[in-house]
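Going by our numbering, the first residue of the sequence shown is number -17, and it counts up by one from there.
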Amino acid sequence: MSRSYHHGDLRRAVLRAAVEVIAETGPGSVSLRGLARRAGVSHAAPAYHFGDKAGLLTAVAAEGFGLLGAELSAARERTGSFLEVGVAYVRFALTHRGYFEVMFRPDLYRADDPELSAARAATAEVLYSGLASLSDARAGADPRVAGVAAWSLVHGFSTLWLNGNLPRFEDDAEEAARCVARLLFQDG
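1) Closest to residue 98 by CA distance: which of 46, -3, 11, 161 is it?
2) Using alpha carbons as the reference points, say which of 153, 139, 106 lies closest to residue 147.
3) Using a Cβ-Cβ cutoff of less than 8 Å, which residues in the same chain neighbour residue -4 once the five nearest sequence positions on both sides are dropped?
4) Tell me which residues share the same chain as residue 35 and place their Cβ nearer than 7 Å to its Cβ, disregarding the 5 neighbours each side in the sequence.
5) On the three-pair Cβ rule with 8 Å, is the region 149 to 161 touching the region 93 to 113?
6) For residue 72, which three-state DSSP category applies?
7) How far does the alpha helix (DSSP H) with residue 30 in it reach, from first residue to last?
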């Protein structure tokens, strides 16, 4: 079924189709021709905008990091809680699986892409911005070590939850993440 589009949003239509396919069946099943068909555009359109599959997945990862950074910033501003920033990370993974499945797989995209690098750095800045209070609470712990510990916790939790590998002691992934994070990272 072909959908009409405006030239101004063709790129967006292909990106949206890619994120949907990735969420449904994983990044390995993405093909430019299949995305063109799904988005209702010519088979040449994805190649024109992204070059190849790696170019498309680079754009998906860059957009994903931008969205994640915005969600983490909103959580920080709304709550002031480092723990809630972690919960926002889990929420993002669960509600934006198509992006999440690509963002942390540099084997799928061009990791040296300037737009991607900027988006990843901005997101890291937001994620790591609350570490001073966490490090202070942990008797002068190295902020880098605390950052890796916090990121590992929320990323690992998200991945395990998405893949059905966690015992469901809670039906609500966000509340489960809060319980786990509170156990290890008290921030008030």
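The C-beta atom is built at its ideal place from N, Cα and C for all residues, glycine as well. All of these numbers come straight from a predicted model, not from anything done at the bench.
In short:
1) Ranking 46, -3, 11, 161 by Cα distance to residue 98 puts 46 first.
2) Of the listed residues, the one whose Cα sits closest to residue 147 is 139.
3) So the list reads 17, 18, 21, 23, 27, 28, 31, 32, 38, once near-sequence residues are dropped.
4) So the list reads 12, 14, once near-sequence residues are dropped.
5) No: the two stretches stay apart, fewer than three of their Cβ pairs being nearer than 8 Å.
6) It is helical.
7) Where residue 30 is concerned, the enclosing alpha helix (DSSP H) stretches over 27 to 32.
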